[in-house]
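In this note's numbering, the protein residues as written are 160 to 694.
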Amino acid sequence: MNEVSPPASQSLRNRILIVEDEQVIAINLRESLEGLGYIVPAIASTAEKAIEKAIEHRPNLVLMDIRLKGEMDGIEAAEQIWNRLQIPVIYVTGHSDQSTLERAKITAPFGYILKPIREKELYITIETALQRYEREQLLSTVFAGMGDGVIVADSQGRVKFLNRMAEELTEWRQEDARDQALSRVFDLSDQQTQEPSIERLLSLALEQNGPIYLETPYTLTTKGGRIVPVADSITAIQNSQGEVAGVVVVFRDVTQRLLAEERDRAVERAQQLEQQMEELRRLNRLKEDFLATVSHELRTPLSNIQLATRMLSIILDQFGILAHESDSNSHALGRYIRILKDQSEQELRLVNDLLDMQRINAEAYPLDLAIVQLQDWVLHIIEPFAERMNSNRQELQVNIEPNLPTFQTDTHVLTRIVSELLQNACKYTPAQQHVQINVSVLQPEKTAVLPRVLIEVCNSGIEIPEEELVRIFDPFYRIPQSDRWAKEGTGLGLALVKKFAAHLGGSVEAKSFDGQTCFMVYLPIQPLYDPEVVE
Numbered sequence: 160m161n162e163v164s165p166p167a168s169q170s171l172r173n174r175i176l177i178v179e180d181e182q183v184i185a186i187n188l189r190e191s192l193e194g195l196g197y198i199v200p201a202i203a204s205t206a207e208k209a210i211e212k213a214i215e216h217r218p219n220l221v222l223m224d225i226r227l228k229g230e231m232d233g234i235e236a237a238e239q240i241w242n243r244l245q246i247p248v249i250y251v252t253g254h255s256d257q258s259t260l261e262r263a264k265i266t267a268p269f270g271y272i273l274k275p276i277r278e279k280e281l282y283i284t285i286e287t288a289l290q291r292y293e294r295e296q297l298l299s300t301v302f303a304g305m306g307d308g309v310i311v312a313d314s315q316g317r318v319k320f321l322n323r324m325a326e327e328l329t330e331w332r333q334e335d336a337r338d339q340a341l342s343r344v345f346d347l348s349d350q351q352t353q354e355p356s357i358e359r360l361l362s363l364a365l366e367q368n369g370p371i372y373l374e375t376p377y378t379l380t381t382k383g384g385r386i387v388p389v390a391d392s393i394t395a396i397q398n399s400q401g402e403v404a405g406v407v408v409v410f411r412d413v414t415q416r417l418l419a420e421e422r423d424r425a426v427e428r429a430q431q432l433e434q435q436m437e438e439l440r441r442l443n444r445l446k447e448d449f450l451a452t453v454s455h456e457l458r459t460p461l462s463n464i465q466l467a468t469r470m471l472s473i474i475l476d477q478f479g480i481l482a483h484e485s486d487s488n489s490h491a492l493g494r495y496i497r498i499l500k501d502q503s504e505q506e507l508r509l510v511n512d513l514l515d516m517q518r519i520n521a522e523a524y525p526l527d528l529a530i531v532q533l534q535d536w537v538l539h540i541i542e543p544f545a546e547r548m549n550s551n552r553q554e555l556q557v558n559i560e561p562n563l564p565t566f567q568t569d570t571h572v573l574t575r576i577v578s579e580l581l582q583n584a585c586k587y588t589p590a591q592q593h594v595q596i597n598v599s600v601l602q603p604e605k606t607a608v609l610p611r612v613l614i615e616v617c618n619s620g621i622e623i624p625e626e627e628l629v630r631i632f633d634p635f636y637r638i639p640q641s642d643r644w645a646k647e648g649t650g651l652g653l654a655l656v657k658k659f660a661a662h663l664g665g666s667v668e669a670k671s672f673d674g675q676t677c678f679m680v681y682l683p684i685q686p687l688y689d690p691e692v693v694e
């Protein structure tokens, strides 16, 4: 060997393992290495010994003869040493055949030295290998410590490198992923269309020779089948000649970011909803204040008008003015007084209905519970309507189930419900047709459910269109005018019936078929409270 003096500044004492089955060459190599300032901790003559000594001494580099005696050659030993210990290997070879050299190339050695070995070439090759290894280790440390996954693929889309985070995210180990198609290891899909996307993005990155950012939501399907939302970029890389040599994929799991964004959106939606609810509450307060003020202001003059009308009727009657029906002036005066009385009563009912609606909506309508005997109560409540129907030539049919239980409810509210339904039935039932009221008890199928009273008010000769039936309980809703619906009313009656029924813990339904319309009121039968029972 030609003698080469190591640089005077060289202070690093790198340790080099020699693997050589020819003893003379091994001894010469050791002398040269020691003369260059390196340390030779051991010499191995077989592949098995080489692996054993590498594990024992952990050298900085291995000089490996390709052809070794035994079942394993230097290429196999070098591969195992690298995979297990990450120690760089320089092959020392004579005249090897082409197939052996191709095998050696696959293991990506850090250099070749041809026999006979020249000291200068040996020194340059070792220093180059050690510097390359140091740079690669630095890059590996950086990549390993990155919070992003990094995958490097060649221009044919074959995986060459995965860092630790990429292994975790894809669930592929680097040795298994090496030389696999990138589309298999990095199985990327468009989150919205679920279409595979990596091939298209890879082609685009290679074509544009620049970064492609994963701005559209993408999902990664791992080797184990998990779905992970990911984002970042794919960038083309160039060789020393400026040619595209492959791509670098940088990606991260954005699950937490998406969850945070969703939480922010939820908080924002909640804040917007709260603002809308506060605005609704403010508008409701304004509406309630308006209704209370207007109702009060209307109620007083309407009551005064009614009082004045009654007083006027009494005075005129005392003077006998209204008694002269043949007098056209007296007749007109009497008619106008009746119109004034009817209109003021109608307006006063509207005001009272508005006040009741306001109190129920504000949950300020009091309940005055009392015990009711349904048989007697129903007969009492229908008495004035029976006279009215008789004068209108309408038939009233009453069906009360025998032995009805004692019922506890607010009689005023219940009277309002049934009276409104009977009033509507009288109003819209033609002459010679009938109005029917049925009262019964519905026993529940389950013991945990209370029995219910069913009060059903039906009238024949009239049918409500299906498209109107669903809106009939809406406040102020009036069925589009026609001859059969051209009746007076406030549009609040049925809305109040629904509110009152719910206030008593029940419900109301309507159905219309075969020329008749029925309203069914369901009210729960609460257990009677006995004050003498001590808990």
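From the three backbone atoms N, C-alpha and C, an ideal C-beta is built for every residue, glycine too.
message: Whole angstroms are fine: how far does the CA of I240 sit from the CA of A340?
response: Per the coordinates, the alpha-carbon of A340 lies some 27 Å from the alpha-carbon of I240.
- prompt: Can you give the beta carbon distance from V656 to I559, rounded, assuming they're within the 8 Å contact cut?
  reply: At roughly 20 Å, the Cβ-Cβ gap does not stay under 8 Å, so V656 and I559 are not in contact.
task: Would you kindly check if the distance between the Cβ of V407 and the Cβ of V309 is under 8 Å?
output: Cβ distance < 8 Å, so V309 and V407 count as in contact.
- prompt: When we look at the beta-carbon of A236 and count the other beta-carbons within 10 Å, is it buried (16 or more) or exposed?
  reply: buried
query: Where do the ends of the beta strand (DSSP E) carrying S671 lie?
result: S666 to F672
message: Can you look up E181 in the DSSP assignment and give me helix, strand or coil?
response: DSSP places E181 in coil when its eight states are reduced to three.
- request: Could you round the C-beta distance between V251 and L289 to whole angstroms and report it? I think they count as a contact, below 8 Å.
  value: Their Cβ separation, rounded to whole angstroms, is 16 Å, which puts V251 and L289 out of contact at 8 Å.
task: Measure how close the beta-carbons of A669 and L628 come, nearest whole angstrom, since I'm counting them as under 8 Å.
output: Between A669 and L628, the beta carbon gap of about 6 Å places them in contact (Cβ cut-off 8 Å).
message: Assuming I629 is part of the beta strand (DSSP E), what are its boundary residues?
response: In the sequence as displayed, the identity of residue 629 is Val instead of Ile. Premise fails: V629 is in no beta strand (DSSP E) and is neither H nor E.
- request: Starting from Q556, follow its DSSP beta bridges and name the residues at the other end.
  value: Q595
message: List, from N- to C-terminal side, the beta strand (DSSP E) runs of 3 residues or more that fit wholly inside the region 242-325.
response: 248-252, 271-273, 308-313 and 318-321
query: Are the region 388-397 and the region 411-425 touching by the rule of at least three beta carbon pairs closer than 8 Å?
result: Judged by Cβ distances under 8 Å, the region 388-397 makes contact with the region 411-425, as three or more pairs qualify.
task: Provide the residue(s) that pair with M223 in DSSP beta bridges, ordered along the chain.
output: V178 and Y250
Alpha carbon of Q199 to alpha carbon of L360, nearest angstrom: The residue asked about is misnamed: residue 199 is Val in this sequence, not Gln. When rounded, the distance between both Cα atoms is 50 Å.
Stretch pair the region 173-187 + the region 217-232: three plus CB contacts closer than 8 Å: yes
query: Does the beta-carbon of N322 have 16 or more other beta-carbons within 10 angstroms, so that it is buried, or is it exposed?
result: buried
message: Once the 5 residues before and after P589 are set aside, which same chain residues still bring their CB inside 6 Å of it?
response: The beta carbon of P589 is closer than 6 Å to those of G620 in its chain, skipping five residues each way along the sequence.
task: Note down, in chain order, each residue of its chain lying with its Cβ closer than 6 Å to the Cβ of E330, except the 5 sequence neighbours on either side.
output: Excluding positions up to five away in sequence, the list reads T381, K382 and G383.
query: If you drop the 5 nearest sequence neighbours on each side, which residues of the same chain put their C-beta closer than 7 Å to that of M436?
result: none
task: Return the bridge partner residues of M679 from the DSSP annotation.
output: E615 and E668
- prompt: Roughly how many whole angstroms lie between the Cα atoms of A491 and R497?
  reply: 10 Å
field: Helix, strand or coil at Q567 according to DSSP, with G and I counted as helix
entry: Correct three-state label for Q567: strand.
- request: Following the continuous beta strand (DSSP E) through V409, name the residue where it begins and the one where it ends.
  value: V403 to D412
message: Quick check on the DSSP output: the alpha helix (DSSP H) that includes T660 runs from which residue to which?
response: Note on residue identity: the sequence assigns Ala, not Thr, to residue 660. Unbroken alpha helix (DSSP H) run through A660: G652 to H662.
For P388, the residue or residues it bridges with in DSSP: Per DSSP, T378.
field: Distance between D535 and N562 (C-alpha atoms, nearest Å)
entry: 12 Å
Spatial neighbours of V693 in its chain, beta-carbon cut-off 7 Å, leaving aside the 5 residues before and after: For V693, the predicted structure reports a pLDDT of 36, less than 50, and the residue's modelled location is therefore unreliable. A value from the coordinates is still provided. No residues qualify anywhere along the chain.
task: Assuming L379 and L418 form a contact by the criterion Cβ under 8 Å, report the distance between their Cβ atoms to the nearest whole angstrom.
output: L418 and L379 do not touch by the CB rule: their CB atoms are close to 17 Å apart, not below 8 Å.
message: For I398 and P247, I'd like the C-alpha separation in whole angstroms.
response: A quick correction: the sequence has Asn, not Ile, at residue 398. N398 and P247 have their alpha carbons spaced roughly 23 Å apart.
field: Opposing strand residues paired with A529 [DSSP bridges]
entry: T568
- prompt: Is it right to say A263 is buried, meaning 16 or more other beta carbons lie within 10 angstroms of its own, or is it exposed?
  reply: Result: buried.
- request: Can you give me the Cβ contacts of A185 inside the same chain, cut-off strictly under 7 Å, excluding the 5 residues immediately before and after it?
  value: Answer for A185: I177, E179 and I202, listed in chain order.
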